[in-house]
Ligand SMILES: [Zn+2]
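Residue numbers (my numbering): 11 to 216.
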């Protein structure tokens, strides 16, 4: 610490970012101080994100659309009857990059983890149920496939079991999960696009 409140505060704030410890935070602050233009650009980028980015009111991924609904939800080019459920908006980008998916998305914003206070009501699970209810209300004869593309860890597995049970009583809904191929214990955001594409193609029904 420098014992200069403004500097120490910036180091502290940066060190709260994932993967950044106090040492890296100090290095970043040196860079920001050396490059005045960078500091200006960073400030502009942060305030643009703050002003324009919100969660899509349907799938809860990010959007800058003024109506609050993202292009994944509005484009007619995607299938309405397949919904890929992910933990984070970053996973939406990962699935897109695999080039193997052409349905809609739903972002839970986490996975069930009672130890960390993440109970099902803290995630966008109610909203997923509601979305599917609305789809089936509009077209009662239709079938909906829910693909669970969650992290291959304990929390991801717990969430998948919970969701499979939630839709078990609704015959119009089939629930599948990504095939093994995503290494156990790994986070989806770090899996390469080919592995993720293969895992999507070989998804298995729960
Ligand atoms: Zn959306």
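Virtual Cβ for every residue (Gly too), placed ideally from N, Cα, C.
With respect to the 9 Å criterion, residue 91 and residue 155 are classified as neighbours on the basis of their beta carbons. These are the residues, in chain order, with a beta carbon less than 6 Å from any non-hydrogen atom of ligand 1: 66, 68, 69, 71, 79, 80, 82 and 83. Contact between residue 214 and residue 201 fails: their C-beta atoms lie close to 17 Å from each other, not under 8 Å. The DSSP-derived three-state label of residue 184 is strand. In this structure, the CA atom of residue 177 is about 11 Å from the CA atom of residue 138.
Short of 8 Å from the beta carbon of residue 39, and not among the five residues preceding or following it, lie these beta carbons of its own chain, in chain order: 17, 20, 21 and 24. In the displayed model, residue 129 falls within coil according to three-state DSSP, outside both helix and strand. Pairing residue 207 with residue 67 gives a Cβ-Cβ distance that is not under 9 Å.
Under the three-pair Cβ rule at 8 Å, the stretch 93–100 counts as touching the stretch 158–173. Between residue 105 and residue 173, the C-beta gap is not smaller than 9 Å, which leaves the two residues out of contact. According to DSSP, residue 102 shares a beta bridge with no other residue. Residue 142 sits away from residue 117, with the two beta carbons spaced by 9 Å or more.
With a cutoff of 9 Å on beta-carbon distance, residue 120 and residue 93 are scored as not near each other.
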